[in-house]
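Shown next, in structure tokens, is the structure this report addresses.
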Amino acid sequence: TVEAEGLFYPPDPASLESCSIGGNVAEGSGGPRAVRYGTTKDYVCGLEAVLPNGEIISTGGKVVKDVTGYNLTQLLVGSEGTLAIFTRITLRLIPKPKLKVNLLAPFSELSAAAKTVSALLQEKIVPTAIEFMDQPAMRLAEKYLKKEIVFDTAAAHLLIERDGNRKEDFDHLLDTVGTVCERFGAWDLLVADQKEAQNRLWEGRRCIFEAANRIGGVYETMDVVVPRSRIADLVRSAQGIAEKSRLEPVCVGHAGDGNVHVLYFKPEDMEKDRWTEEIKKATLTLYRTTLEMGGKITAEHGIGLTRKPYLSLDLSETQIELLKGIKKAFDPKGILNPGKIF
Numbered sequence: 003t004v005e006a007e008g009l010f011y012p013p014d015p016a017s018l019e020s021c022s023i024g025g026n027v028a029e030g031s032g033g034p035r036a037v038r039y040g041t042t043k044d045y046v047c048g049l050e051a052v053l054p055n056g057e058i059i060s061t062g063g064k065v066v067k068d069v070t071g072y073n074l075t076q077l078l079v080g081s082e083g084t085l086a087i088f089t090r091i092t093l094r095l096i097p098k099p100k101l102k103v104n105l106l107a108p109f110s111e112l113s114a115a116a117k118t119v120s121a122l123l124q125e126k127i128v129p130t131a132i133e134f135m136d137q138p139a140m141r142l143a144e145k146y147l148k149k150e151i152v153f154d155t156a157a158a159h160l161l162i163e164r165d166g167n168r169k170e171d172f173d174h175l176l177d178t179v180g181t182v183c184e185r186f187g188a189w190d191l192l193v194a195d196q197k198e199a200q201n202r203l204w205e206g207r208r209c210i211f212e213a214a215n216r217i218g219g220v221y222e223t224m225d226v227v228v229p230r231s232r233i234a235d236l237v238r239s240a241q242g243i244a245e246k247s248r249l250e251p252v253c254v255g256h257a258g259d260g261n262v263h264v265l266y267f268k269p270e271d272m273e274k275d276r277w278t279e280e281i282k283k284a285t286l287t288l289y290r291t292t293l294e295m296g297g298k299i300t301a302e303h304g305i306g307l308t309r310k311p312y313l314s315l316d317l318s319e320t321q322i323e324l325l326k327g328i329k330k331a332f333d334p335k336g337i338l339n340p341g342k343i344f
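First residue of the sequence shown? That's 3 in this note's numbering, and the numbers climb one at a time after it.
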């Protein structure tokens with residue numbers, strides 16, 4: 003593996019156990035470590051791709067600088083399979099950090115956890131990841147894993163990860179994070195510096211979507227992103243929207259970059275037609291609320307079919323026509339992933 007050579011590929015989508023590099027590039031996937039390392043697009047140096055007419059093109063390459071015309075590599079990353087089929091991908095790797103520590107901070111109030119995120123980033127720590135889970139997410143994880151999660155009576159958890167190469171950097175990190183978390187009322191600060199303990203902390207967070215698929219019932223996922231200072235406002239709004247529509251909300255996300263995954267579950271006693279009506283209303287309201295906060299309707303899951311009806315909320319008619327023009331230039335017959343995005 004590349005890690006055996008002392009190298010490291012930072013992107014780590016939640017589906018890392020089952021996803022592929024090709025799918026990640028087509029989607030422009032993110033993940034918890036995006037707050038420090040960025041997303042898939044930041045590590046794609048070049049592509050070999052088959053166009054809809056069968057012609058093979060190569061974009062980018064093993065170079066640091068390249069302004070030879072428009073950046074076709076970055077145009078294709080995140081294009082959701084609508085422009086070309088990737089047959090070779092050149093990725094950038096970086097040196098693997100030697101050390102890693104995870105910290106878990108439970109809070110009595112959601113707003114306190116969100117304020118802690120902003121305060122930590124102002125301290126210029128730049129953690130590898132800052133993940134967020136609300137209490138319904140913890141309950142879902144516990145039900146799926148069939149075991150308790152630590153501090154499961156808290157209103158919210160922050161899971162903080164930091165990697166590096168010098169022990170003294172971690173001493174400063176622990177002091178700073180401990181001080182900030184205490185200031186905002188964290189119950190405790192659980193430190194995990196061994197791999198087994200770290201895996202236990204991440205187990206609950208990483209299983210959420212699998213748990214939703216396996217035991218959660220009928221649900222829809224929103225993949226919204228807002229400025230980090232508005233995370234608490236967004237989650238409160240998501241919960242309020244769910245209450246009005248009598249839906250059951252679960253909120254998890256990448257607090258470090260403002261990306262919140264809102265899962266709305268169908269109550270068992272709700273009729274199918276009522277569910278269809280309520281989830282449409284809830285989705286529309288949440289997207290409008292997100293945009294009013296200066297956010298976007300999808301951070302890493304893409305448009306596809308599910309968000310296609312809402313694209314015009316976020317992009318102007320001119321922007322959508324420009325995107326359609328790009329699609330037509332690559333795929334005039336519309337044979338690649340037809341019906342997606344537009």
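Each residue gets a CB set at the ideal place from its N, CA and C atoms; glycine is no exception.
Beta-bridge pairing of residue i - partner residues as DSSP gives them
i, result
"I243", "DSSP, once it has assigned bridges, lists no residue as partnering I243."
"I96", "F10"
"N104", "E163 and A194"
"P251", "Y266"
"D46", "Asp is not the amino acid found at residue 46; the sequence shown has Val there. Answer is L93, bridged to V46."
"E133", "L161 and H256"
CB of residue i within 8 Å of CB of residue j, strictly
i, j, result
"N339", "T84", "yes"
"A51", "I96", "no"
"V119", "G258", "yes"
"I233", "G260", "yes"
"T41", "E302", "yes"
"C21", "P13", "no"
"D1", "P99", "This structure does not reach residue 1, given that the chain is present from 3 up to 344, and the question cannot be answered."
"K268", "Y312", "no"
"A2", "S110", "In the structure as shown, the chain starts at 3 and stops at 344, and residue 2 therefore has no counterpart that could be examined."
"H256", "G30", "no"
"I299", "L325", "no"
Nearest-angstrom Cα separation, counted from residue j out to residue i
i, j, result
"K43", "S81", "11 Å"
"E273", "T285", "18 Å"
"G297", "L236", "10 Å"
"R276", "V228", "29 Å"
"L18", "N26", "9 Å"
"L122", "N201", "23 Å"
"R216", "I210", "10 Å"
"G8", "P334", "45 Å"
"L191", "A115", "13 Å"
"I281", "E245", "12 Å"
"K330", "T278", "33 Å"
"T291", "G304", "19 Å"
Whole-number beta carbon distance between residue j and residue i, since they are thought to touch under 8 Å
i, j, result
"L203", "L147", "Going by Cβ atoms, the distance from L203 to L147 rounds to 13 Å, so no, they are not a contact pair."
"L101", "V179", "With a Cβ gap of about 15 Å, L101 and V179 do not count as contacting."
"V37", "I132", "6 Å"
"A188", "P108", "7 Å"
"C253", "D136", "4 Å"
"T89", "G63", "Rounded, the Cβ-Cβ distance is 15 Å, inconsistent with contact."
DSSP three-state assignment for residue i, whether helix, strand or coil
i, result
"M140", "helix"
"T178", "helix"
"Y266", "strand"
"R38", "helix"
"K335", "coil"
"A51", "strand"
"I299", "coil"
"Y72", "coil"
"G62", "strand"
"I343", "coil"
"F153", "coil"
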